[in-house]
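Participant: Going by UniProt numbering, 225 is the number at position 225 of the sequence shown; the sequence numbering is gapless.
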Amino acid sequence: MLNNPRPNTVRTKVKEPDTFDGLDPWKLKAFIVSLQLNFNDRPTAFATDASKVNYAISFLSGTTLDWFEPDILHPNLQNPPAWQHSYAAFLDELRTNFGPFDAIRDAEDALEHLWMHDGDRIMKYMVQFNQYTSQVGYRDNSLCHTFYHGLCTRIKDNMAHHGKPNNLHDMRFLAQKLDACYWTWRTEISHENRDNKASSSYSNNPKSKGSSSSSNSSASGSTLKTSDSTPSGSASTPKPYADKLGKDGHLTQEEKDRHKKNNLCMFCGGKHKTDDCNKRKATASTKGRAAEVEDPPPASEEPAPSELEN
1 MLNNPRPNTV
11 RTKVKEPDTF
21 DGLDPWKLKA
31 FIVSLQLNFN
41 DRPTAFATDA
51 SKVNYAISFL
61 SGTTLDWFEP
71 DILHPNLQNP
81 PAWQHSYAAF
91 LDELRTNFGP
101 FDAIRDAEDA
111 LEHLWMHDGD
121 RIMKYMVQFN
131 QYTSQVGYRD
141 NSLCHTFYHG
151 LCTRIKDNMA
161 HHGKPNNLHD
171 MRFLAQKLDA
181 CYWTWRTEIS
191 HENRDNKASS
201 SYSNNPKSKG
211 SSSSSNSSAS
221 GSTLKTSDST
231 PSGSASTPKP
241 YADKLGKDGH
251 LTQEEKDRHK
261 KNNLCMFCGG
271 KHKTDDCNKR
281 KATASTKGRA
291 AEVEDPPPAS
301 EEPAPSELEN
């Protein structure tokens with residue numbers, strides 16, 4: 001025997017309704033549409049009106065939930081309200097208490113004050129326009145005029161070069177086309193500005209690199225010149241008494257012995273004693289005034305060049 005095919009239980013992924021608190025009457029219609037999508041997705045689960053009502057109430061909050069709460073907590077079994085077993089009655093309860101009070105008048109007023117801003121895309125304007133026009137009974141020519149009246153200035157200006165349509169369908173199509181061209185142009189301008197900025201920054205980099213390299217080369221050149229000039233200064237003519245001094249800068253032992261043998265001053269090489277040397281005393285006095293901490297140079301201090309040459 002052939003088995004009976006099982007019913008298809010695969011579900012599509014339908015978004016659950018957003019909670020409705022009744023503060024914005026214009027959100028009621030979207031709430032009801034979202035409920036119906038879920039009912040259509042699971043007809044078996046919502047086969048009865050009671051199941052639909054229970055599901056809808058689970059997404060109410062604030063004042064809307066408070067409205068139905070007493071009948072839920074304290075049900076009247078003898079005379080229950082109609083909305084508990086009729087989904088249509090439940091929707092009437094919602095529309096009467098939480099929907100627009102005068103939907104037609106409110107929609108007409110909203111259409112009169114509906115404007116598309118220059119920074120908006122046409123789709124946002126069209127969605128709001130459709131939402132309000134579904135509540136009114138305007139004819140096509142009136143809808144066409146109202147739609148054109150609310151368009152932004154940039155679309156109206158461009159529409160003057162194409163001819164103003166006389167029906168709503170063509171008016172919408174042309175407005176969408178002009179809006180798409182505008183945003184395409186804006187995107188191209190943005191890309192061009194970005195490319196120009198990138199090329200400008202790239203062209204500026206080599207200059208800065210060149211200036212830095214030239215400054216580095218000039219700095220290195222000046223360093224080379226300085227280093228080249230330094231040896232020339234140090235390689236000047238040697239001092240005449242250099243051969244009489246040791247590596248420590250004092251008189252060599254041979255020179256000291258010569259000074260003692262000839263009774264010469266150990267400081268200046270003159271023919272007097274070192275203690276009587278006026279140059280030694282003057283030097284000691286000058287150093288004392290400058291530093292105030294230095295001792296007079298010892299007797300073995302290097303001689304004055306002028307006296308050593310004698």
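We put the CB at the ideal spot given by N, CA and C, even for glycine. Predicted model only: the values in this text are computed from it and were never measured.
What is the residue span of the alpha helix (DSSP H) that N158 lies within?
Facilitator: Looking at the DSSP string, the run of the alpha helix (DSSP H) that includes N158 is T153 to M159.
Participant: With DSSP collapsed to three states, give me the class of A82.
Facilitator: A82 sits in a helix when the DSSP states are folded into three classes.
Participant: Could you pull out every residue in the same chain whose Cβ sits closer than 7 Å to the Cβ of L178, ignoring the five residues on either side in sequence?
Facilitator: I155, N158 and M159
Participant: What residue range is occupied by the uninterrupted alpha helix (DSSP H) comprising F267?
Facilitator: F267 -> no alpha helix (DSSP H), and no H or E assigned at all.
Participant: Who are L60's beta bridge partners in DSSP?
Facilitator: Beta-bridge pairing links L60 to F20.
Participant: Hey, A50 and Q84: beta-carbon distance below 9 Å or not?
Facilitator: yes
Participant: How many Å lie between D248 and M266 at the Cα?
Facilitator: C-alpha separation (whole angstroms): 16 Å.
Participant: Could you check if I189 is buried or exposed, using at least 16 other CB atoms within 10 Å of its CB as the buried criterion?
Facilitator: The Cβ neighbour count for I189, taken over all protein chains shown within 10 Å, is under 16; the residue is labelled exposed.
Participant: Given that a residue counts as buried once 16 or more other Cβ atoms are within 10 Å of its Cβ, and exposed if not, what is R186?
Facilitator: exposed
Participant: For chain B, find out if any of its Cβ atoms is closer than 9 Å to the Cβ of L35; answer yes or no.
Facilitator: Looking at the structure shown, chain B is missing, and only one protein chain is on hand.
Participant: Under the DSSP definition of a beta bridge, which residues are partnered with L251?
Facilitator: L245
Participant: Give me the Cα-Cα distance between L65 and C144, rounded to the nearest whole angstrom.
Facilitator: 41 Å
Participant: What number of angstroms, rounded off, separates the C-alpha of Q135 from the C-alpha of G62?
Facilitator: 26 Å
Participant: Less than 7 Å between C-beta atoms, sequence neighbours within five positions excluded: which residues of the same chain meet that for H117?
Facilitator: C152
Participant: Output needed for residue 315: all residues of its chain with C-beta closer than 7 Å, excluding positions within five of it in sequence on either side, in chain order.
Facilitator: Coverage of the chain is limited to positions 1 through 310, which leaves residue 315 absent and any answer about it impossible.
Participant: Look up P25 in the DSSP assignment and say whether it is helix, strand or coil.
Facilitator: helix
Participant: Kindly list the residues whose CB is nearer than 6 Å to the CB of D125, restricted to its own chain and excluding five residues on each side of it in sequence; keep chain order.
Facilitator: Asp is not the amino acid found at residue 125; the sequence shown has Tyr there. M116.
Participant: When you compare only the Cα positions, how much space is there between F90 and K52?
Facilitator: About 10 Å.
Participant: Where do the N-terminal and C-terminal ends of the alpha helix (DSSP H) with S142 fall, by residue?
Facilitator: D140 to H149
Participant: Is N166 closer than 9 Å to N130 when the C-beta atoms are compared?
Facilitator: In terms of Cβ geometry, N130 and N166 do not form a close pair [threshold 9 Å].
Participant: Go to residue 311, then tell me how far its alpha helix (DSSP H) extends in each direction, as first and last residue.
Facilitator: No information on residue 311 is available, as it lies outside the stretch 1 to 310 that the chain covers here.
Participant: Count the other C-beta atoms from every protein chain shown that fall within 10 angstroms of the C-beta of K260, then say buried if there are 16 or more, exposed otherwise.
Facilitator: exposed
Participant: Work out the CA separation of A282 and E255 for me, nearest whole Å.
Facilitator: 23 Å
Participant: So which of L23, T12 and W26 has the shortest CA-CA distance to D41?
Facilitator: T12
Participant: Distance, Cα to Cα, T184 vs H191?
Facilitator: 11 Å
Participant: Shorter than 8 Å, the distance from the beta carbon of N263 to the closest heavy atom of the ligand HEM, or not?
Facilitator: No copy of the ligand HEM occurs in the structure displayed, which carries no ligand at all.
Participant: Terminal residues of the continuous alpha helix (DSSP H) containing A47?
Facilitator: Where A47 is concerned, there is no enclosing alpha helix (DSSP H), given that its DSSP letter is neither H nor E.
Participant: Please report the distance separating the alpha-carbon of R194 from that of Y182.
Facilitator: 19 Å
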